[in-house]
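For the sequence shown, counting from 1, position 225 maps to 224 in numbering that gives the first Met the number 0; every step adds exactly one. Below: one structure, written as structure tokens.
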Amino acid sequence: MSDGTPRDKSTAYRRWQVAVFDRPATGIPAAGPPTDSAPPPQAPAAASPEPAGQTDAAAEAAVARPTDEEIERVVAEAHAAGHAAGYAAGYAAGQAEGLGDARAEAAKLAIVLDNLRQAVAGIEQEIADHLLALAIEIANQVMRQSLRLQPELILPLVREAMTALHPHQGQPQLFLHPDDAALVRARLGEQLAHGNWRISDDSTLTAGGCRVELGASEVDATVETRWRRVIEAIGVNPEWLREQA
């Protein structure tokens, strides 16, 4: 029990204060209020500034150094540019080489075509020559067949030979194939006798032709001679015609 005597309130409790944690403990209780003699807390020392030249160089180096992406982009662009340049150079070289090869092949082809053209021209000429020789031979056969089928065709020929050689002296002689001689005697006997013509058979002559002699003069109207004159008139050499036969 209380004896009624008042107690000192200061002994009943003490004011609590937050301890200071930014300096090491001294073993002195920190319960009491701070005194004015305690030094204030010191601010952390600021870093000493670097020289201005070094700061600018570091900043410039930081700005000048490219990033990895920029390096990769530059490398890619350089690779693409090199590839394009190499492709262009290779394409130009290949094109030049290809043009050279094309020109060489074109020259060879031109030579082949020229040879072929000459060969075709030679073949065409040969074909034309054979066709001409064949046409002449057909015409010759037609003429001979006509003379056999129409032996009276000898009569105009004999009249023409008689007018070509007018006898002034002597006796003209008419040589005919035996078949033609019989026909001429029957058709022109009186006319020939009046002109003092003598008809002679000659089996060496081809039917349809004749030969007339008077002294040193002669008229050759044989089938072979007349035919040679025909082909010469159209510009064909008889020797060439014999080669084609």
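Idealized CB from N, CA, C, for every residue including glycine.
Just mark residue 113 as buried or exposed, buried being the case when its beta carbon has 16 or more other beta carbons within 10 Å.
-> As a working mapping, residue 113 is identified with position 114 in the sequence shown. Answer is exposed; the Cβ neighbour count stays below 16.
Which ranges would you report for the beta strand (DSSP E) in the region 73-160 if only whole runs of at least 3 residues count?
-> none
Work out the CA separation of residue 182 and residue 236 for me, nearest whole Å.
-> For the purposes of this step, residue 236 is identified with residue 237 of the sequence shown, where counting begins at 1. For the purposes of this step, residue 182 is identified with residue 183 of the sequence shown, where counting begins at 1. Residue 236 and residue 182: Cα-Cα distance of roughly 34 angstroms.
What are the start and end residues of the alpha helix (DSSP H) that includes residue 198?
-> Here the question's residue 198 lines up with position 199 in the sequence shown. Looking at the DSSP string, residue 198 is not in any alpha helix (DSSP H); the run it does join, the beta strand (DSSP E), is 197-200.
Residue 210 and residue 217 closer than 8 angstroms at C-beta | The residue given as residue 210 occupies position 211 in the sequence shown. The residue given as residue 217 occupies position 218 in the sequence shown. Yes, the Cβ-Cβ distance between residue 210 and residue 217 is below 8 angstroms.
Based on the DSSP secondary-structure assignment, which residues constitute the bridge partners of residue 213?
-> Translated into the one-based positions of the sequence shown, residue 213 becomes position 214. Paired residues: 216.
Could you check what DSSP says for residue 175 in three-state terms: helix, strand or coil?
-> Within the sequence shown, residue 175 is the residue found at index 176, counting from 1. Strand, per DSSP.
Please name the residue, chosen from 234, 73, 220, that lies closest to residue 156 on a Cα-to-Cα basis.
-> Here residue 156 refers to the residue found at position 157 of the sequence shown. Comparing Cα-Cα distances from residue 156 to each of 234, 73, 220, the minimum goes to 220.
Beta-carbon contacts of residue 198 that lie in its chain and below 7 angstroms, excluding the five residues immediately before and after | Position 199 of the sequence shown holds residue 198. Only 173, 175, 180, 183, 184, 191 meet the Cβ criterion.
What is the DSSP secondary structure of residue 193, reduced to helix, strand or coil?
-> Within the sequence shown, the letter at position 194 stands for residue 193. If DSSP states are grouped into helix, strand and coil, residue 193 belongs with the helices.
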